[in-house]
Amino acid sequence: GINWQALEERRVASSFKPSVAHSLSVENFDALWTAQRPEDSPCGTPTDPKLRDAFEGFTYVAPSFLAAHVAARAAPGAGAGGP
4 GINWQALEER RVASSFKPSV AHSLSVENFD ALWTAQRPED SPCGTPTDPK LRDAFEGFTY
64 VAPSFLAAHV AARAAPGAGA GGP
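Numbering (my numbering), first residue to last: 4 to 86.
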């Protein structure tokens, strides 16, 4: 079975580790995906000033996102070609 605790703690060795030239490398992705043009769908700015100012000065970072970011940076090997 899978030791989920060990997996979560990154103590389980991967059965496959692809070789990459650098952390931004896409060489292991098929050209079908890398040749596609990226599409962005930005949010429009509300025209009503009341709506535009509704969130002025507001900031928020989900605790789970922040915890994941901190954990990823603290993980062994995080600076060696990892995310």
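Quick reminder that beta carbons are idealized off the backbone N, C-alpha and C, glycines included.
Since this is a predicted model, take the numbers as computed values, not measurements.
* Asked: Does the distance from the CB of proline 41 to the CB of asparagine 31 come in under 8 Å?
  -> Contact annotation: proline 41 and asparagine 31 have beta-carbon atoms that are not nearer than 8 Å.
* Pairwise C-alpha distance: serine 18 and valine 64 -> The C-alpha of serine 18 is placed about 34 Å away from the C-alpha of valine 64.
* **Nearest-angstrom Cα separation, counted from phenylalanine 68 out to leucine 27** => For leucine 27 and phenylalanine 68, the distance between alpha carbons rounds to 21 Å.
* What separation, rounded to the nearest whole angstrom, lies between the Cα atoms of histidine 89 and threonine 50? -> Lying before the first or after the last residue shown, residue 89 is absent from the chain, which here runs from 4 to 86.
* How about arginine 55 and threonine 62: are their beta carbons less than 8 Å apart? -> With respect to threonine 62, arginine 55 sits apart: the two C-beta atoms are not nearer than 8 Å.
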